[in-house]
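Following: one structure in C-alpha cells, then a few remarks.
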Amino acid sequence: YAVVSETLQVGGKGCVFALGDAMTLKGSTHTKLGHTAEVQSKVVCENIRRLQRGEALCRYPVVSTGFESNMYCVSLSYTHASMRFGDLVSNGFFAAFIKWCVEWSKIAQARNRLVGLLLWRMSDS
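Heads up, the sequence shown is in my numbering, so the first residue is 145 and it goes up one at a time.
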C-alpha cells in the first residue's frame, strides 16, 4: 500500500494521490470498502481542483466519531449474498436483491439517469 497523508497525497509527492485498496492512512480505522473508496475519490477530485487553484486541501477523516459503520454486501452467487448493516445481518436471496438494487442504481447514476441521480443524492446527503 501507498502511505498517504490526511489529504490522501502519497508521502511528500505534492501531485500524487492514492485511494481505496491502493493506500493506507496511518491512524485510520476505515476498512477498505467500496463506500469508503467512493468518499476518498471525492476528496481526491476536490483536492486536485484545489491544487490547480492554489487553495488549501481537504482532509479525509482519519478517525470517525467513534462509530465505524460495519456495512457490507457480498455476492455469493446470482441469488445469494451476505449483507451486514450495523447489527442487522441477512443472508440469502434478500441480501442478493439489495446488492442488485445498489448496483443497478449506481449504474443508473453513472449513466446520468434521473432515478440513479436522485437516489444517490438522497443517500449521500
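By construction, the Cβ of each residue, glycine as well, lies at the ideal position given by its N, Cα and C atoms.
State the beta-bridge partners of residue i as determined by DSSP.
i	result
Leu232	Phe229
Gln153	Phe161
Tyr216	Arg228
Find the nearest neighbour of residue i within the set the options, judged by alpha-carbon distance.
i	options	result
Tyr145	Trp264, Asp165, Cys189	Asp165
Ala181	Ala200, Leu195, Pro205	Pro205
Cys189	Gly171, Cys159, Tyr216, Cys245	Cys159
Val246	Leu169, Arg203, Gly260, Asn256	Gly260
Asp231	Tyr216, Arg257, Trp244	Tyr216
Leu263	Arg255, Arg193, Asn256, Ser249	Ser249
Val218	Leu195, Arg193, Arg194, Trp244	Trp244
Please say whether residue j and residue i have beta carbons closer to each other than 8 Å?
i	j	result
Asn235	Ser221	no
Val183	Leu152	no
His224	Phe237	yes
Counting contacts by CB-CB distance shorter than 8 Å, is residue i in contact with chain C?
i	result
Val160	Among the protein chains of the structure shown there is no chain C, as only one such chain exists.
If I'm right that residue i touches residue j with Cβ under 8 Å, what's the distance once you round it to whole angstroms?
i	j	result
Leu169	Val148	5 Å
Phe229	Asn191	Going by Cβ atoms, the distance from Phe229 to Asn191 rounds to 30 Å, so no, they are not a contact pair.
Within a Cβ cutoff of 8 Å, which residues of the same chain sit near residue i, ignoring the five residues on either side of it in sequence?
i	result
Ser185	Leu163, Gly164
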